[in-house]
Amino acid sequence: MAHATKLVPFRVNFIYMISIIFITILVPSDDDRLLGGSGVASSPFVIAIQDSGIPGIASLLNAGMMCGLLAIAAESVYISSRVLRTMAHQNLISERLAKVDSAGRPRWTLLITAATAVFLGYIQLSCKLA
Amino acid sequence: MVIFLLPNTVFAWFEYVTSLIKIFLFLLIILLSLALVLGAGPHGYVHHGETWTQHPAFLNGFAVRWHTQVILFADLFGVLQVQLCWLCGQSVIKCALELLGEKCKALDSRWRTRPNLCRSVSTSSI
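Protein sequence lines correspond, in order, to chains Y and X.
First residue of the first sequence: 845, per my numbering; consecutive thereafter.
First residue of the second sequence: 256, per my numbering; consecutive thereafter.
Below, the structure is given as structure tokens:
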């Protein structure tokens, strides 16, 4: 099995579990800011740093989280489009969707995935406004 | 969408860089959280030898309920159990693959010693 795969349990245990344990110690579960009571849903990590009064670090964390979110969004579009293309190869959906351009990108499946993502994004926005 | 209009290598580099950012961000969060627990910052919590249940995060009646703690620990135990299963499953799969490999080797040597059985197989692939 690949070396990266073997490291997954250790990564999950070390990085995620320890940070979650720390955050449960730092932020009360009934903090108004956690559930967006102040108007903006905050990250518990940012709340903990804001409470301690250290300037700058909260913005750094927010910037890092934006990078992470961007990467996750790109990964989701990438994986969904490739799954659609594989389905087209297996004749589960129209074979036309399996076509790629000169650079090897499945443009039709990418277009469908992106359109679905935008549509779902707008649904979430309209729910918040209602 | 701009990233998908560029070559695939750009996407790969983007994923590489953002993954590194995420890992370093989590490490920073862990170190920072440890510092905050110990009371870092201008508004940091000053410790006076109290127990961990007397910290601000546990003064909302959440920690004093014993059954809540039991559920939380059970949850944590469940996560550890899943991790253990992952590791065990990994070794079982490895053993199975090794056994399969030996079986294939034995089969292969048997076929090699009895060339009559290989008539239908192309010689270029042996």
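Cβ coordinates follow ideal geometry from the N, Cα and C atoms, glycine included.
Just to confirm before moving on: does the CB-CB distance between residue 959 of chain Y and residue 921 of chain Y stay below 8 angstroms?
Residue 959 of chain Y sits at position 115 when you count from the first residue of the first sequence. Residue 921 of chain Y sits at position 77 when you count from the first residue of the first sequence. Taking 8 angstroms as the Cβ cut-off, residue 959 of chain Y and residue 921 of chain Y do not qualify as a contacting pair.
Please decide whether residue 328 of chain X counts as near chain Y, where near means a Cβ-Cβ distance under 8 angstroms.
Numbered from 1 along the second sequence, position 73 holds the residue referred to as residue 328 of chain X. No, because no Cβ of chain Y sits closer than 8 angstroms to the Cβ of residue 328 of chain X.
Does residue 268 of chain X pass the burial test, meaning 16 or more other C-beta atoms within 10 Å, or should it be called exposed?
Walking along the second sequence from the start, residue 268 of chain X turns up at place 13. Residue burial annotation: residue 268 of chain X is exposed, with fewer than 16 other C-beta atoms found within 10 angstroms of its C-beta.
Given this structure, state the Cα-to-Cα distance separating residue 286 of chain X from residue 306 of chain X, to the nearest angstrom.
For the purposes of this step, residue 286 of chain X is taken as the residue at position 31 of the second sequence. For the purposes of this step, residue 306 of chain X is taken as the residue at position 51 of the second sequence. Their Cα atoms are separated by approximately 21 angstroms.
Contiguous alpha helix (DSSP H) assignments of at least 4 residues, all confined to the region 889-961 of chain Y:
Entirely contained in the region 889-961 of chain Y, the alpha helix (DSSP H) runs reaching 4 residues are, in chain order, 901-933.
Residues in the same chain with beta-carbon distance under 7 angstroms from residue 376 of chain X, minus the five sequence neighbours each way, listed in chain order, please.
As a position in the second sequence, residue 376 of chain X is number 121, starting the count at 1. Note that residue 376 of chain X has pLDDT 47, beneath the 50 cutoff, so the model's placement of it is unreliable and no number is given.
Can you pull the chain Y neighbours of residue 292 of chain X, defined as C-beta to C-beta under 8 angstroms?
Within the second sequence, the letter at position 37 stands for residue 292 of chain X. Going along chain Y in sequence order, the residues near residue 292 of chain X (Cβ under 8 angstroms) are 866, 869, 870.
Could you please tell me which residues of the region 946-966 of chain Y, in chain order, have their CB closer than 7 angstroms to any CB of chain X?
Going along the region 946-966 of chain Y in chain order, one finds 947, 948, 949, 954, 958 with a Cβ nearer than 7 angstroms to chain X.
Given a threshold of 16 other Cβ atoms within 10 Å of its Cβ, counted over all protein chains shown, does residue 325 of chain X qualify as buried or as exposed?
Within the second sequence, numbered from 1, the residue matching residue 325 of chain X stands at position 70. Note on residue 325 of chain X: under 16 other CB atoms within 10 angstroms of its CB, so exposed under the neighbour-count rule.
Do three or more CB pairs link the region 913-928 of chain Y to the region 891-904 of chain Y at distances below 8 angstroms?
Judged by Cβ distances under 8 angstroms, the region 913-928 of chain Y makes no contact with the region 891-904 of chain Y, as fewer than three pairs qualify.
Closest by C-alpha distance to residue 945 of chain Y, when choosing among X/336, X/262, X/258
As a working note, residue 945 of chain Y is residue 101 in the first sequence. Relative to the Cα of residue 945 of chain Y, the nearest Cα in the group X/336, X/262, X/258 belongs to X/262.
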